[in-house]
Structure formats: structure tokens, C-alpha cells
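For the sequence shown, the numbering used here gives the first residue as 33, with consecutive numbering after it.
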Amino acid sequence: MPHPLPLIPYPSDVVMLDGLFRNSRRFSLSLERSCDQSFSDSAVQYAKELLDRDACLASSKEAANLSIRVEPSLHDKEEAYTLEVLPQNVSIGAYGHQGLFYALQTLRQLQLAYPQSIPCCRIDDSPSLRWRAFMLDVARSFCPVGEIRRIIDIMASFKLNVLHLHLSDDQGWRVALDAYPELGDEKSGQYTKQELKELVEYASVRQIMIIPEIDMPGHVTALLAAYPALSCTGGPFSIPKGEGIFPDILCVGKEETLDFVKMVLKEIASLFPSPYIHLGGDEIPLERWATCPDCQKRKQALALSDEKSLLRWFYREMTHYANSLGKQVLLYNDYVDDTYDQSIITQIWNPLLDGSQSEHQAILSDYFHSYLDMDHTLLSLHRVYKLGEMLQPGNQARVMGAELMLWTEYISTREKRDLHLFPRLLAGSEIFWTRKDMHEYHRFLGTCSQYGKLFLPPHTSITPRHAWDPPLIRQFISRWKRKRRVKRNSKMAGISFA
Ligand code: ACM
Ligand code: ZN
């Protein structure tokens with residue numbers, strides 16, 4: 033009997049039973065009385081989409097081969113499910129729509145892996161992390177809506193549940209807003225409000241929440257190119273092509289800038305119903321503020337000692353404003369420390385900087401394990417899987433989730449995107465979902481090599497190849513420098529990194 037089952041992510045509990053379920057018949061569903069109308073509608077819709085377009089409701093319970101029930105014992109676990117495959121019948125129990133969806137995703141993988149007969153088994157499953165995310169940088173390289181939909185489908189089939197869209201950066205602004213029509217343009221790539229609303233809906237049906245990110249007060253050259261008066265110097269600015277950290281940031285001394293940012297947040301908040309909004313906060317050079325009369329005037333009026341305090345004040349203002357719109361703020365960990373508003377969730381991309389040690393709730397996406405824009409030679413599948421080791425039980429109260437990241441300065445086509453995503457996205461799926469004591473790289477690798485391609489849409493390449501772009505050498509040097517710095521700083525701090 034085959035064991036373990038070829039599933040990604042691997043479930044929490046699997047018991048193999050005797051017998052086989054013949055997979056060749058059409059699915060006919062029996063929905064138990066416990067299912068209300070909306071649960072029943074979802075069950076039929078998911079079954080049609082994921083298992084069998086001809087799936088239908090059975091004429092009687094006896095005629096059904098897939099029975100679905102609401103499972104009261106899972107009432108506090110919306111994403112959990114049980115799946116029992118017996119010779120005559122498959123049965124699913126879940127309390128929430130998410131659990132139901134994930135049960136059918138698991139059944140889909142079994143169906144694909146065993147086109148003839150599925151070995152009988154009982155699976156009890158629930159996720160280890162509640163925030164299982166992927167960040168797509170659509171600012172550096174615009175990603176068409178159809179392509180984001182494809183990525184959402186792939187994420188859903190591996191039980192990832194948060195798509196973080198990096199919508200603005202030095203190189204581009206991607207949302208068409210009513211209040212500021214000069215921001216971005218159709219020619220260089222932009223999403224209309226209608227497209228975003230439809231995308232949010234598309235993701236939501238697949239149990240994925242979209243989190244918008246508007247990076248500030250740094251990484252804003254594209255914004256300043258359209259509205260130079262919001263800078264400290266007045267510009268003019270042109271949108272850069274390559275990567276980099278640029279000195280011109282938003283001038284927080286000017287009232288106009290604060291009003292502008294609030295208006296942007298209001299429109300963005302109205303487009304994305306998620307209770308979170310990401311305000312970036314990475315790589316902010318503060319030197320312009322030090323010489324700007326407006327910023328200095330503000331600093332003095334608030335009796336602040338330095339530019340770092342001015343930044344803290346700016347984030348406090350924006351966090352309160354976002355909270356008033358019903359949103360909780362996420363920030364990269366560059367400057368966040370325990371003096372920042374406690375409601376902020378810090379995304380730890382650089383474990384050497386302040387926020388990595390603060391008491392805030394955290395999302396782990398450290399540079400050394402989760403940056404999929406790096407070549408496979410620099411970030412191997414195994415190394416991504418090792419991110420799981422950082423999800424320590426001691427950390428768990430603080431760590432609400434983890435995220436894989438795809439920055440796109442050099443990744444603009446679907447082919448390149450796939451080259452960087454696969455199979456590493458699958459490793460993220462497993463370590464974010466599967467209980468830590470069940471992480472087992474060799475089992476994962478076996479399933480990934482044998483079935484990974486089958487679980488992905490046709491024409492998706494999952495063989496790690498080397499993306500021999502010119503920037504590889506730059507990536508290599510920068511990685512080597514950072515690694516040296518990590519080692520030195522970690523030694524001083526008495527921390528050891530994998
Ligand atoms: C980042 O990589 N600058 C978040
Ligand atoms: Zn200024």
C-alpha cells in the first residue's frame with residue numbers, strides 16, 4: 033500500500049485503510065441536512081470546479097459516492113477538514129467553507145495522482161499557520177490580471193491563503209485612482225478599480241485574501257514623478273528602470289502630503305475588503321528630511337529628537353488613519369521597534385533589523401529563505417523548505433504567518449515568473465500548512481518530483497533551471513555581503529541563523 037500519500041502540503045494526520053475507491057465514476061453528491069444553502073451551493077460549485085465538471089447531486093443517499101457534512105467538532109477551526117476515502121464512498125466533514133474547499137483540493141490531488149483507484153484512507157487536517165502568503169511585486173513588472181488569476185488558482189491548489197500585492201514602488205504605480213489620475217498610466221500597466229474588484233472576488237471564492245501594499249514614505253519615485261510637490265526638493269523626477277534605493281521620499285513636513293496619502297489609503301481601502309493594509313516601510317533613506325525646511329519645522333513643532341522619530345510619528349498618524357478605515361497595518365521590519373503602535377504587524381524580511389526583535393505580531397519572510405527572485409543556485413528548494421525550521425513553537429505566539437516573495441525588477445514574463453516560482457512555491461505551501469514535526473524534505477521532494485507537475489496547470493515548468501541573467505552576479509555579490517554581515521551581527525547578538 034502506498035504510504036505516504038502524494039500530497040502537497042502534507043496533511044496533519046493520515047491513516048491508511050484497506051481497499052481502493054474506483055476513481056472512474058462521475059461524482060454524485062449527497063449533502064447532509066447539517067449543510068445550509070450556502071454551504072451546499074459551495075460544495076456543488078467546488079466539486080464541479082475541482083473534481084469533475086459533471087458532478088451533480090445524487091438522487092438518493094445510497095446513489096451518492098461523495099457525501100458532505102458540516103462537522104460540529106471543527107466549529108473553532110474554519111480551515112480544518114476530515115476526508116475519508118472508502119471503497120464505495122468518499123466523505124468530507126468541515127465546519128467552514130475554507131475547510132470544505134481544502135478537503136476538495138486534497139481529493140483533487142488524490143484524483144490526479146491516482147487516476148484509476150485511490151487507496152482508502154482517513155485524513156484529519158488543519159493548517160499550522162493562519163497566514164500562508166505569497167507576495168507578488170506588480171510594481172516593478174506589471175503582471176496582467178489573467179496571469180494573477182492563474183497564480184491565484186495555483187496558490188489555492190496548494191492551500192496558500194494570502195496574496196500580497198506590492199502595488200507601488202519607484203519603478204511603477206499600478207492602481208488607477210479617481211482622486212489622483214496622474215498616478216500611473218495604462219500604457220505602462222495599470223489595474224482599473226473594476227479589475228481589482230473582480231480580482232478580489234475571484235480570490236475570495238478560492239479562499240484567498242488579497243492584501244494591498246502601498247510602499248511609503250520611501251520607494252515612491254513613480255509617485256513623485258507625477259506629483260513632485262509631495263517631495264522635499266520639488267523634483268523633477270523620472271521613473272527609474274533598474275533596481276535601487278532612491279534618496280527622494282515623501283515630504284512629511286507638508287500637510288499636502290499627509291492629505292494625499294490619506295486620500296490614497298481611503299480609495300485603496302475601499303477596493304480591498306481585507307482587514308489589513310500594508311504600508312511598506314522598507315529601505316527609507318532619511319537624509320532628505322534632515323535638510324528639508326518643512327520636515328525640520330514639523331520635527332521641531334512636535335519636539336522630536338531626530339528623523340527616525342519623525343518617521344515613527346508619520347507611521348503613527350497613518351496607522352491611526354488606517355485603523356479608522358477598519359484596517360490593521362503591516363510594515364516591513366526596517367524601523368519598527370517596541371515604540372511603534374502595538375497593533376502593527378511587522379513583516380520580517382531582514383532579521384538583522386529592529387523589528388525582528390520587537391513584540392509585534394510578525395510575518396516571516398526573511399531574505400535568506402523566501403526571496404524567490406533569487407536564482408535557484410542561491411536559494412535552493414531545500415533552503416526554502418528550511419524556512420520551516422524558523423517557525424519554532426517558541427516563536428509561534430508572535431508569528432502569525434509566513435510569506436514567499438517575488439520581486440520583479442528582472443522578472444517580467446510568464447516564463448521567467450514560473451522559472452522562479454516553481455517548485456519553490458510548493459515548499460512554502462508545505463512548511464506553512466504542515467505541522468512542523470511532519471516536515472520531511474525527502475518525502476516532500478519525492479512527491480514534488482513525481483507529482484508536482486501533475487498538480488500544476490499544463491505548460492508549467494517545475495524543473496529548477498538557472499536563470500543566467502546578467503544580474504545573477506550582482507545577486508551573488510549582494511548575497512555574499514549580506515551573509516557576511518548576518519554572521520558578524522548574529523555572533524555579536526548571540527543568535528544563530530540557519
Ligand atoms: C525588501 O526586500 N526591501 C522588503
Ligand atoms: Zn520634507
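Don't be surprised by glycine CBs; every beta carbon is placed ideally from N, CA and C.
**Report entry** Outcome for S92 when other beta-carbon atoms lying within 10 angstroms are tallied against a minimum of 16
**Finding:** By 1-based counting over the sequence shown, the position of residue 92 is 60. Exposed.
Query - Counted within 10 angstroms of its Cβ, other Cβ atoms place A261 as buried (16 or more) or exposed - result: Against the sequence shown, residue 261 aligns to sequence position 229. A261 is exposed by the Cβ-count criterion.
Query raised in the report: The beta strand (DSSP E) with G51 in it runs from where to where?
Result: By 1-based counting over the sequence shown, the position of residue 51 is 19. Per DSSP, G51 belongs to the beta strand (DSSP E) from 45-54.
Requested in this report: Could you say which of S263, L255, L282, C283 lies nearest to P272 if we only look at CA atoms?
Outcome: Locating residue 272 in the sequence shown gives position 240, where the first residue counts as 1. Checking every option, the nearest Cα to that of P272 belongs to L255.
Query raised in the report: Residue ranges of each beta strand (DSSP E) run of no fewer than 3 residues wholly in the stretch 166-210, ordered along the chain?
Result: DSSP runs (the beta strand (DSSP E)) wholly in the stretch 166-210: 194-198.
Report task. Under the assumption that L52 contacts C152 (Cβ atoms under 8 Å), give the Cβ distance between them as a whole number of angstroms. Result -> Mapped onto the sequence shown, residue 52 falls at position 20. Mapped onto the sequence shown, residue 152 falls at position 120. That pair is a contact at about 6 Å.
Report task. Could you please give the first and the last residue of the uninterrupted beta strand (DSSP E) stretch that includes Y113? Result -> In the sequence shown, the residue the question calls residue 113 occupies position 81. That run of the beta strand (DSSP E) goes 113-117.
Query - Own chain residues within Cβ distance below 6 Å of T479, not counting five before or after - result: For the purposes of this step, residue 479 is taken as residue 447 along the sequence shown, with counting starting at 1. Excluding five sequence positions before and after T479, the CB atoms of its chain that fall closer than 6 Å to its own CB belong to P38, I40, given in chain order.
**Report entry** Cβ-Cβ distance between L192 and A165 below 8 Å
**Finding:** Taking the first residue of the sequence shown as 1, we reach residue 192 at position 160. Taking the first residue of the sequence shown as 1, we reach residue 165 at position 133. Yes, the Cβ-Cβ distance between L192 and A165 is below 8 Å.
Query raised in the report: For Y127, is the beta carbon positioned less than 7 Å from some heavy atom of the ligand ACM?
Result: What you label residue 127 is simply residue 95 of the sequence shown in a count that begins at 1. Relative to the ligand ACM, Y127 has its C-beta separated by 7 Å or more from all heavy atoms.
Query raised in the report: Leaving out five residues before and five after L215 in sequence, what residues of the same chain have Cβ atoms less than 7 Å from its Cβ?
Result: As a working note, residue 215 is residue 183 in the sequence shown. Excluding positions up to five away in sequence, the list reads W205, L209, L255, A258.
Query raised in the report: Hey, would you say the C-beta of W381 is under 7 Å away from at least one heavy atom of the ligand ACM?
Result: By 1-based counting over the sequence shown, the position of residue 381 is 349. Flag set: Cβ of W381 near the ligand ACM.
Report task. In angstroms with no decimal places, state the Cα-to-Cα distance between L115 and L362. Result -> What you label residue 115 is simply residue 83 of the sequence shown in a count that begins at 1. What you label residue 362 is simply residue 330 of the sequence shown in a count that begins at 1. Each residue's alpha carbon lies about 35 Å from the other.
Query raised in the report: Taking buried to mean at least 16 other C-beta atoms within 10 Å of its own C-beta, is H107 buried or exposed?
Result: As a working note, residue 107 is residue 75 in the sequence shown. Residue environment for H107: exposed (fewer than 16 other C-beta atoms within 10 angstroms of its C-beta).
Report task. With DSSP collapsed to three states, give me the class of P147. Result -> To locate residue 147, count along the sequence shown from 1; it is residue 115. Coil at P147, not helix or strand.
Report task. Mind checking who T371 pairs with in its DSSP beta bridge? Result -> If you number the sequence shown from 1, residue 371 lands on position 339. Note: T371 sits in no beta bridge, so no partner.
Query raised in the report: Going by the C-beta, is E441 closer than 7 Å to any heavy atom of the ligand ACM?
Result: The residue given as residue 441 occupies position 409 in the sequence shown. No, since every heavy atom of the ligand ACM falls outside the 7 Å radius drawn around the Cβ of E441.
Query - the ligand ACM heavy atom lying under 7 Å from the CB of E472 - result: Position 440 of the sequence shown, counted from the first residue, corresponds to residue 472. E472: no, Cβ never under 7 Å from the ligand ACM.
Query raised in the report: Can you tell me whether D45 is buried or exposed, with buried defined as 16 or more other CB within 10 angstroms of its CB?
Result: By 1-based counting over the sequence shown, the position of residue 45 is 13. That one is exposed.
Requested in this report: Output yes or no for whether 8 Å exceeds the beta carbon distance between A171 and H198.
Outcome: Along the sequence shown, read from residue 1 onward, the residue named residue 171 stands at position 139. Along the sequence shown, read from residue 1 onward, the residue named residue 198 stands at position 166. Their beta carbons are under 8 Å apart, which means A171 touches H198 by this criterion.
Query raised in the report: Buried or exposed: G420, going by 16 or more other Cβ atoms within 10 Å of its Cβ?
Result: Start at 1 with the first residue of the sequence shown, and residue 420 comes out as number 388. Burial call: buried.
Report task. Determine the DSSP secondary structure at Y259, reduced to helix, strand or coil. Result -> Residue mapping note: residue 259 aligns to position 227 of the sequence shown, counting from 1. Coil.
Report task. Inspect the beta-carbon positions of A96 and L61 and report whether they are closer than 8 Å. Result -> On the sequence shown, residue 96 is found 64 positions in, with the first residue counted as 1. On the sequence shown, residue 61 is found 29 positions in, with the first residue counted as 1. Taking 8 Å as the Cβ cut-off, A96 and L61 qualify as a contacting pair.
Report task. Using beta-carbon positions only, say whether S238 and D185 come within less than 8 Å of one another. Result -> Locating residue 238 in the sequence shown gives position 206, where the first residue counts as 1. Locating residue 185 in the sequence shown gives position 153, where the first residue counts as 1. Before going on, a small fix: residue 238 reads as Arg here, not Ser. Yes, they are a contact pair.
**Report entry** Helix, strand or coil at S60 [DSSP, three-state]
**Finding:** What you label residue 60 is simply residue 28 of the sequence shown in a count that begins at 1. Three-state DSSP puts S60 in a strand.
Requested in this report: Give the DSSP-derived three-state secondary structure of H452 in the structure shown.
Outcome: Against the sequence shown, residue 452 aligns to sequence position 420. DSSP places H452 within a helical segment (H, G or I) once states are collapsed to three.
Query raised in the report: What span of residues does the beta strand (DSSP E) with Y308 cover, start to end?
Result: Taking the first residue of the sequence shown as position 1, residue 308 is located at position 276. Taken as a continuous stretch (DSSP letters only), the beta strand (DSSP E) holding Y308 covers 308-310.
Query raised in the report: Do you know whose CA, among L413, Q374, G266, L336, lies nearest T351's CA?
Result: Taking the sequence shown and counting its residues from 1, one reaches residue 351 at position 319. When only C-alpha atoms are compared, the closest one is Q374.
Report task. Specify the secondary structure class of L161 as computed by DSSP and reduced to three states. Result -> Walking along the sequence shown from the start, residue 161 turns up at place 129. For L161, the secondary structure class from DSSP, reduced to helix, strand or coil, is coil.
Query raised in the report: Taking the beta strand (DSSP E) that M565 falls in, what are its first and last residues?
Result: Any question about residue 565 goes unanswered here, given that the chain covers just 33 to 530.
Query - Check whether Y78 and L142 have beta carbons under 8 Å apart - result: The sequence position of residue 78 within the sequence shown is 46, counting from 1. The sequence position of residue 142 within the sequence shown is 110, counting from 1. Going by C-beta atoms, Y78 is not nearer than 8 Å to L142.
Query - Per DSSP, the bridge partner or partners of D156 - result: Against the sequence shown, residue 156 aligns to sequence position 124. Answer is D45, T114, bridged to D156.
Report task. Hey, could you find the ends of the beta strand (DSSP E) Q379 is sitting in? Result -> Position 347 of the sequence shown holds residue 379. Segment 377-380, the beta strand (DSSP E) holding Q379.
Query - Burial state of E447 (16 or more Cβ within 10 Å) - result: Position 415 of the sequence shown holds residue 447. Residue environment analysis places E447 among the exposed positions, since fewer than 16 neighbouring C-beta atoms fall within 10 angstroms of its C-beta.
**Report entry** Any non-hydrogen atom of the ligand ZN closer than 7 Å to G285 Cβ
**Finding:** Within the sequence shown, numbered from 1, the residue matching residue 285 stands at position 253. In this structure, G285 has its CB closer than 7 Å to one or more heavy atoms of the ligand ZN.
Query - Whole-angstrom distance between L411 and N382, CA atom to CA atom - result: Translated into the one-based positions of the sequence shown, residue 382 becomes position 350. Translated into the one-based positions of the sequence shown, residue 411 becomes position 379. Each residue's Cα considered, the two are about 16 Å apart.
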